[in-house]
Amino acid sequence: MTEAILLVGGKGTRLRPLTVHTPKPMIPAAGVPFLTHLLARARAAGVEHIVLATSYLAEVFEPHFGDGSELGLHLEYVTEDEPLGTGGAIRNVASRLRSGPDEPVLIFNGDILTGLDIEALVSTHGSSGADVSLHLTRVEDPRAFGLVPTDSTGRVTAFLEKPQTPEEIVTDQINAGAYVFRRSVIDTIPAGRPVSVERETFPGLLASGAHLQGMVDSTYWLDLGTPQAFVRGSADLVLGRAPSPAVPGRCGDRLVLPTASVASDAKLTGGTVVGDGAVVGEGARIDGSAVLAGAVIGAGAVISDSLIGAGARIGDRTVLSGAVVGDGATVGADNELQDGVRVWCGASIPDAAIRFSSDR
Ligand code: GDD
Ligand code: MG
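In this text, residue positions in the sequence shown follow numbering that gives the first Met the number 0: the first is 0, and each later residue adds one.
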């Protein structure tokens, strides 16, 4: 039975203020902490033992997921004293692995929403005889990712993390953040110091002649590292475009958790989720957005592509588009906040304080 390591120790800086009190994998997407979807998909693929490599806000994972038995998993947690980077984190949990030297170990970045056929990645790894196999996907703009060119047999020829110059952009195939390592390769990563698997381990393995195999596919794939991507991912889970056995309800245009209260004439569309205990007022219209637990949306508010943090309050008639409102923040009535705006946790915007001018 293949076991897995989940990398969940990053600081999630691009998702601030949502990650000020909550590590990225614990922010709710489609009503449950994002990590639940990844754990449930791994379980559905036959994985039973998972080690979580934690660092930033490490203490919140175990109280929520416990020993994993509710998900049919056996979960273990290993916390780094200092962040060890992706490779260092993998090496740091090696002592918890049960696999023999030649057996495969799955490794996932903890912020990826994907339809990847996990079992296919493991079987490709077995049949190619590779030391490491990588899930690859194609994106329009690969610059924010690890570029992974392959030869005609799918064998990886280079690994270029976040290329800085146009000459380095040699492919649109990127590292999709899911790997299978031969167990013995994990043991060769240096212990006790930070290591980047992308900048050090993969280039080093290639230089020493190791066999890295890429598996490209065109299934659903999204890195939820930015607010826009996170909101998109949550909506795609609700809509059923991104597959997950952990969506708490039927997929469709909206997902309203049982203890939420939504006015009968409010309109929820585009994969909007309304979390536990949240309230949506009369005539509000919410499209493609996530309203987290306990948030209150005023009457006549118009919200699209936005993330409203836990316990935040949005005043009547306020318009939000592409905005992030931190946990416990208050946006008064009759405001208009547009793309990219981030209201910090606990901040307070008075009534009619911010308007958006169309005659710029
Ligand atoms: N335990 C631990 N310790 N985990 C870490 C650490 C650390 O020091 N640093 C990062 N992580 C975790 C993050 O929590 C995340 O789940 C994963 O490692 C990847 O880190 P990100 O910060 O999200 O990296 P990225 O998105 O910029 O780039 C990575 O993912 C891309 C695909 O989304 C790279 O692997 C790229 O090559 C890849 O294309
Ligand atoms: Mg990421």
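Cβ coordinates follow ideal geometry from the N, Cα and C atoms, glycine included. The structure presented is a predicted model; accordingly, all values stated were derived computationally and were not measured.
Counting only the same chain and skipping the five closest in sequence on each side, list residues whose C-beta sits under 6 Å from that of residue i.
| i | result |
| --- | --- |
| A265 | V279 and A283 |
| I313 | I296, G297, A300 and V330 |
| T271 | R253, I285 and S288 |
| A157 | P148 |
| V19 | C344 |
| T35 | A245 |
CA-CA distance, residue i and residue j?
| i | j | result |
| --- | --- | --- |
| N108 | L223 | 11 Å |
| T187 | V194 | 12 Å |
| T200 | G86 | 7 Å |
| T1 | D116 | 14 Å |
| E61 | P24 | 13 Å |
| L74 | P165 | 42 Å |
| S183 | A28 | 35 Å |
| G321 | D101 | 47 Å |
| A289 | L56 | 22 Å |
| T218 | G232 | 14 Å |
| A309 | G71 | 28 Å |
| G208 | G274 | 50 Å |
| E81 | S54 | 7 Å |
| E118 | S260 | 40 Å |
| D216 | I173 | 11 Å |
| F355 | V138 | 33 Å |
| A294 | R95 | 40 Å |
| I89 | H48 | 15 Å |
Over the uninterrupted alpha helix (DSSP H) stretch that includes residue i, give me the two end residues.
| i | result |
| --- | --- |
| L135 | That residue, L135, is in no alpha helix (DSSP H); its beta strand (DSSP E) goes V131 to R137. |
| D286 | Premise fails: D286 lies in the beta strand (DSSP E), R284 to D286, not in any alpha helix (DSSP H). |
| E118 | I117 to S127 |
| S183 | R182 to I185 |
| Q337 | Careful: Q337 lies outside any alpha helix (DSSP H) and carries neither H nor E. |
| R253 | No alpha helix (DSSP H) holds R253; the beta strand (DSSP E) holding it covers R253 to V255. |
| P62 | F60 to F64 |
| D235 | P226 to L238 |
| G86 | G84 to N91 |
| L96 | L96 -> no alpha helix (DSSP H), and no H or E assigned at all. |
Could you tell me whether any non-hydrogen atom of the ligand GDD is closer than 7 Å to the CB of residue i?
| i | result |
| --- | --- |
| G84 | yes |
| L6 | yes |
| F64 | no |
| K23 | yes |
| A52 | yes |
| E197 | yes |
| E167 | no |
| E139 | no |
| I49 | no |
| A129 | no |
| I173 | yes |
| G232 | no |
| A190 | no |
| F144 | yes |
| G321 | no |
Identify, in the order they occur along the chain, each residue of the same chain with its Cβ nearer than 8 Å to the Cβ of residue i, setting aside the five sequence neighbours on each side.
| i | result |
| --- | --- |
| I168 | P141, R142, L146 and P162 |
| I111 | L37, A175, G176, A177, W220, L221, D222 and L223 |
| G84 | P193, V194, S195 and V196 |
| I353 | N334, E335 and L336 |
| L238 | C250, G251, D252, G269 and G270 |
| A262 | V279, G280, E281, G282, A283 and A298 |
| G99 | R182 |
| G125 | P103 |
| P242 | R40, G114 and Y219 |
| L211 | A129, D130, V131, S132, L133, R154, V155, F158, F201, L204 and L205 |
Residues in the same chain with beta-carbon distance under 7 Å from residue i, minus the five sequence neighbours each way, listed in chain order, please.
| i | result |
| --- | --- |
| A43 | P244 |
| P202 | F158 |
| D338 | S320 and G321 |
| F64 | L74 |
| S127 | Q212 |
Spell out the partners DSSP gives residue i in its beta bridges.
| i | result |
| --- | --- |
| E199 | The partner list for E199 (beta bridge, DSSP) is empty, contrary to what the question assumes. |
| V295 | V278 and R312 |
| K266 | R284 |
| F73 | Residue identity differs from the one stated: residue 73 is His in this sequence, not Phe. For H73, which the question treats as bridged, DSSP gives the partners H48. |
| A289 | V272 and L306 |
| Q172 | R137 |
| A177 | F107 |
| L34 | Paired residues: none, contrary to the question. |
| I348 | V330 |
Which residues mark the beginning and the end of the beta strand (DSSP E) in which residue i is found?
| i | result |
| --- | --- |
| E2 | E2 to L6 |
| Q212 | L211 to V215 |
Residue i: beta carbon under 7 Å from a heavy atom of the ligand MG?
| i | result |
| --- | --- |
| N108 | yes |
| G287 | no |
| D222 | yes |
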